[in-house]
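Protein chains in written order, with the numbering used here: chain Y, 158 to 485; chain P, 158 to 485. From the three backbone atoms N, C-alpha and C, an ideal C-beta is built for every residue, glycine too. Small disclaimer: the values here were computed from a predicted structure and weren't measured. Worksheet for the structure shown next.
2 protein chains.
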Amino acid sequence: MVATYKDIRRMTGLSLATISKYYNGGNVLGPNRELIEKAATALDYQLNNVARGLRSRRSMTVGVILDELDSSFNTTIVSRMEERLREAGYGTIICDSRKDAEAQADVLRFLVGKMVDAIVVVPVDDDTSFLAPARDRDVPVVAVDRLMPGTDSVIIDNRAAIASAIQLLTHAGHTTIGLLAGPDTTYTMRERRAGFRDAVQDRTGLLPRSELMTPEDVSIEGGYAGLRRLLRLSAPPTAVVCANYGFTLGATIALNELGQESWPALVGFDNLELARLIRPRPTLVTQPIEALALEAAELVLQRLSGAGPDESVTITLETTLLVGHEST
Amino acid sequence: MVATYKDIRRMTGLSLATISKYYNGGNVLGPNRELIEKAATALDYQLNNVARGLRSRRSMTVGVILDELDSSFNTTIVSRMEERLREAGYGTIICDSRKDAEAQADVLRFLVGKMVDAIVVVPVDDDTSFLAPARDRDVPVVAVDRLMPGTDSVIIDNRAAIASAIQLLTHAGHTTIGLLAGPDTTYTMRERRAGFRDAVQDRTGLLPRSELMTPEDVSIEGGYAGLRRLLRLSAPPTAVVCANYGFTLGATIALNELGQESWPALVGFDNLELARLIRPRPTLVTQPIEALALEAAELVLQRLSGAGPDESVTITLETTLLVGHEST
DNA sequence: GTGTGGGAGAGAAACGTTTCGCCAAAGGGG
DNA sequence: CCCCTTTGGCGAAACGTTTCTCTCCCACAC
């Protein structure tokens, strides 16, 4: 049988209220503290967080919904956030929505039913209606990597990120630049696409031709097919920007199957580790993923402590450009 | 205010016991069922799992401890397991021990304190003593990818995996084969090393020279340095087996920095996706990671349902060999 | 007609905490 | 020396479920 306050009461003669105070940082006299500590170790006592959660209306868990788990971006987010939240006493319940909006809604309900104190989400698209069950029950929600109206968000400056890539490429003399980006259904892709259009116009005075920036399937395959399509154009780009990590991988695979002489300059996204491995070594827009995770965690903790403004908060972080080898 | 059974009682005139029965699959008359359903939707009722957990002594959460989160092996494990467990109503609390035994012990205590119903662990080493708090409280533990005495385990047949690689290589005429493997501190590495030694002896009649199979740092860097060291030997191997994914990556990086003419045949581990990307395209020992995850999930659910034998269970899965391009 | 058994429901007691209201003693300022 | 506040502590009532024990009722077999 697992020990409870009652066992400690039996051993110490103190009341449950005093024991509770001890475990919650209240005022307890030194001798009584020692008594409780002795009893607790003798009984191998472990506080029952479920009972505590019932009374105090806090489960001390945070739900995290990811659009996919098999991406280094998301695993870094989870790893850092989990660490920070655990430090603060919160458990992290993870759910993979597999980029499926319906699954995402299910999962959110699941988490609300699990009485999580807050929810962090990397949403599959821009539709925020699935958050209703959380809102109804005043469960704070923080969106990561997506700007959601009326919701706290932690994002990166996608336009500036792309602009820095374009600046590098135009500086190196490129005038025809292609973009591998996904459809406009997610905030992130929309911003990167808009950032591309604006930056190209800014630098070259011309809007990029539409066939240079059609949307691709957000996947390695999409990047592969997209790069091949770009190079088959009658006036192919001399440089290509990949709007995320999957496109970068796919484009690199495509390049590897081509002769080296036809390689365009490539600017990719994310994942430093792989940069060492793949050829050509691309210039990379690197996101401050760990900082993103920590900001999200702090925002959650702030909301849980009841602090923070009434309106929703948006935190924007900047990327850095890691210049590669054969890309300019 | 969030609705409770009492609100449903007020609306239906039924007792709490009956309402509870309804939510737990007991016998409730049709009309009363409808009454409850109506009241529940009208009140937007959501069952409070914390209260339920207190009374029924089940938190409906499972803790998962990973030695690292940034590995495709582990993310696949988590993703599949989470999906299966959620299907069964369990939330998955994830913790990253970052390959640190002390952190792992902390995290286990943290999870036990969170009253998880079971724990799944990919342990950092062979020391099982950190599991004591779980054992003391009869929290079932399932180890993944490690054989732990006295603990349910789901593993792959590491010896057979390596043997299949050696068979392929010796069949192709290789007689001097190197191994990139980590130190003997984890079960997995020990098995793969032993499998290598046995298979080489089996096939060539000779034990492999010790300098062909010294331990490396388990990391991409270790694979990189290890491969270079092997090729600098006075009698270098004509083929190299990498005992895990990191070694495979590191060795491939090293190969890419060498002239293609000096490439040895390479057999690596895991990650199909990357196999498309890297050159030379290695032969890969592929583990049934999803099956591993599902077996682990089923084992957990079985233990949670009270079924299963008294002794600890070991489930062993087989790998397949995915023959690459330039590896034979 | 009389047991018997099970279905359906009710009341009340858990489950292990936190918290509310109350009290006694100690400390401090006038 | 008295009043007021603070400190440490106590008992009891929550928190929202599940579960134990009872009762009623009806069908069924004998």
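Inter-residue distance for arginine 167(P) and proline 297(Y) is about 30 Å (C-alpha atoms, whole angstroms). Looking at the backbone, the Cα of glutamate 259(P) and that of proline 466(P) are separated by about 31 Å.
Here glycine 335(Y) is bridged, per DSSP, to Val397(Y). According to the DSSP assignment, aspartate 355(P) belongs to the alpha helix (DSSP H) that extends over 344-361. Residues are counted here when their Cβ sits less than 7 Å from a Cβ of chain Y; for the segment 242-267 of chain P these are Arg243, Gly248, Thr249, Ile250, Ile251, Cys252, Asp253 and Phe267, given in chain order. Looking at the DSSP output, alanine 262(Y) bridges to nothing.
In the same chain as phenylalanine 230(P), and ignoring 5 residues on each side of it, the C-beta atoms closer than 7 Å to its own belong to Tyr402, Asp427 and Ile446, in chain order. Taking a beta-carbon distance threshold of 7 Å, threonine 232(Y) counts as an interface residue toward chain P.
Here alanine 322(Y) really is in contact with valine 424(Y); their C-beta atoms are around 4 Å apart, less than 8 Å. Taking the C-beta atoms as reference points, threonine 443(P) is found no nearer than 7 Å to glycine 481(P). Closest in C-alpha terms to asparagine 315(P), from the list Phe287(P), Thr233(P) and Val398(P), comes Val398(P). Bridge pairing for proline 372(Y): Ala338(Y) [DSSP]. Among the residues facing chain P, glutamate 239(Y) is included, as its CB has a counterpart in that chain under 7 Å away. For alanine 245(Y), the three-state secondary structure derived from DSSP is coil. Distance from the CA of glutamate 455(Y) to the CA of leucine 226(Y), rounded to the nearest whole angstrom, comes to 22 Å.
By the neighbour-count definition (other C-beta atoms within 10 Å, threshold 16), histidine 331(P) is a buried residue. When Cβ-Cβ separations below 7 Å define contact, methionine 272(P) makes contact with chain Y.
Contact between the segment 352-365 of chain Y and the segment 182-192 of chain P is not established, with fewer than three Cβ pairs separated by less than 8 Å. Put simply, the backbone Cα of tyrosine 202(P) is about 39 Å away from that of aspartate 224(P). Judged by pairs of C-beta atoms under 8 Å, the segment 374-382 of chain P does not touch the segment 347-354 of chain P, as fewer than three such pairs exist. Proximity to glutamate 194(Y) across Ile165(Y), Arg209(Y), Leu211(Y) and Arg212(Y) peaks at Ile165(Y), based on C-alpha coordinates. Relative to the Cα of serine 236(P), the nearest Cα in the group Glu468(P), Leu449(P) and Gln324(P) belongs to Leu449(P). Among the bridge pairs identified by DSSP, alanine 275(Y) is matched with Val219(Y).
In the structure shown, threonine 175(P) adopts helical secondary structure according to DSSP, grouped into three states. Three or more pairs of CB atoms, one per stretch, sit closer than 8 Å, so the segment 211-223 of chain P contacts the segment 265-280 of chain P. Only residues of its own chain outside the window of five on either side were considered, and among them none has a CB closer than 6 Å to the CB of serine 419(Y).
By alpha-carbon distance to leucine 406(Y), the top candidate from Ala382(Y), Arg386(Y) and Arg389(Y) is Ala382(Y). Contact annotation for glycine 307(Y) against chain P: no contact, minimum CB-CB distance about 20 Å [criterion: below 9 Å]. Cβ-Cβ separation between leucine 242(Y) and threonine 249(Y): approximately 5 Å, consistent with a contact (criterion under 8 Å).
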